[in-house]
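Asks: I have a structure here, written as structure tokens, and I will follow up with some questions on it.
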Amino acid sequence: MQIKVEELSDIINFYPQQTIDVDGRILVANKNIIPSAALCRNILELDAAMRILLTADLISVKHTATDIETFKMLIMAEIDDYFTIPYCVSGPADNLPIKDYAEALADAIIRPTLKRDKGDIIIHNIDNGTMEMSFAGHCAGCPYAQNTLHNVVAKTFMRYLPQITEIKLREKK
Numbered sequence: 095m096q097i098k099v100e101e102l103s104d105i106i107n108f109y110p111q112q113t114i115d116v117d118g119r120i121l122v123a124n125k126n127i128i129p130s131a132a133l134c135r136n137i138l139e140l141d142a143a144m145r146i147l148l149t150a151d152l153i154s155v156k157h158t159a160t161d162i163e164t165f166k167m168l169i170m171a172e173i174d175d176y177f178t179i180p181y182c183v184s185g186p187a188d189n190l191p192i193k194d195y196a197e198a199l200a201d202a203i204i205r206p207t208l209k210r211d212k213g214d215i216i217i218h219n220i221d222n223g224t225m226e227m228s229f230a231g232h233c234a235g236c237p238y239a240q241n242t243l244h245n246v247v248a249k250t251f252m253r254y255l256p257q258i259t260e261i262k263l264r265e266k267k
């Protein structure tokens with residue numbers, strides 16, 4: 095099976111051609127909270143795997159691997175097994191706070207784009223559907239920050255985390 099791979103320092107994103115059955119949800123897990131979903135559990139059992147984000151079209155793994163090529167091959171083998179051997183992905187069994195899901199999404203999807211321009215986001219708080227965040231680095235004060243907020247940040251978070259219904263920029267102090 096062909097799998098697109100994207101390396102982002104301590105994050106590796108895998109984009110399989112087939113859809114992962116997550117029933118419209120995302121699953122985030124780390125070494126401390128092993129989920130019941132076999133694909134996540136098997137990847138987290140790899141020594142260098144620290145956290146996994148699983149969506150219907152993305153597997154994002156935060157890692158500490160020094161031999162990245164071998165690490166990627168081990169994960170690709172697990173993904174191949176997932177599509178070959180019938181697995182069932184259950185809902186988020188890890189019960190992490192929504193901020194942990196948001197951080198994993200930011201690491202996998204949003205930050206790589208912003209870091210190319212030496213920018214970043216800081217997620218301060220998520221409460222009652224409202225996420226409070228700020229831009230950092232070159233994104234702070236950038237004339238295109240509002241465009242990035244609405245067309246990249248908000249769309250991504252609201253697509254994968256429907257619990258987030260509003261995103262507010264924290265005022266500078």
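Every number in my numbering is 94 more than the matching position in the sequence shown, counting from 1. Ideal Cβ positions, reconstructed from N, Cα and C, are used throughout, including at glycine.
(1) Under 8 Å: do the segment 251-263 and the segment 194-204 share three or more Cβ pairs, one atom per stretch?
(2) For the segment 201-219 against the segment 98-118, are there 3 or more C-beta pairs whose distance is under 8 Å?
(3) Which of helix, strand or coil does DSSP assign to residue 224?
(4) What are the start and end residues of the beta strand (DSSP E) that includes residue 107?
(5) When DSSP builds the beta bridges, which residues end up paired with residue 157?
(6) Using DSSP with H/G/I as helix, E/B as strand and the rest coil, what is residue 97?
(7) Which residues does DSSP list as the beta-bridge partners of residue 102?
(8) Write down the C-beta distance between residue 213 and residue 230 rounded to the nearest angstrom, noting that I regard them as a contact closer than 8 Å.
(9) Grab me the residues of residue 239's own chain with a C-beta within less than 7 Å of its C-beta, minus the 5 sequence neighbours each way, in chain order.
(10) Which residues mark the beginning and the end of the beta strand (DSSP E) in which residue 124 is found?
Replies: Per the coordinate set shown:
(1) yes
(2) yes
(3) strand
(4) 105-110
(5) 143
(6) strand
(7) 105
(8) 7 Å
(9) 229 and 233
(10) 121-124
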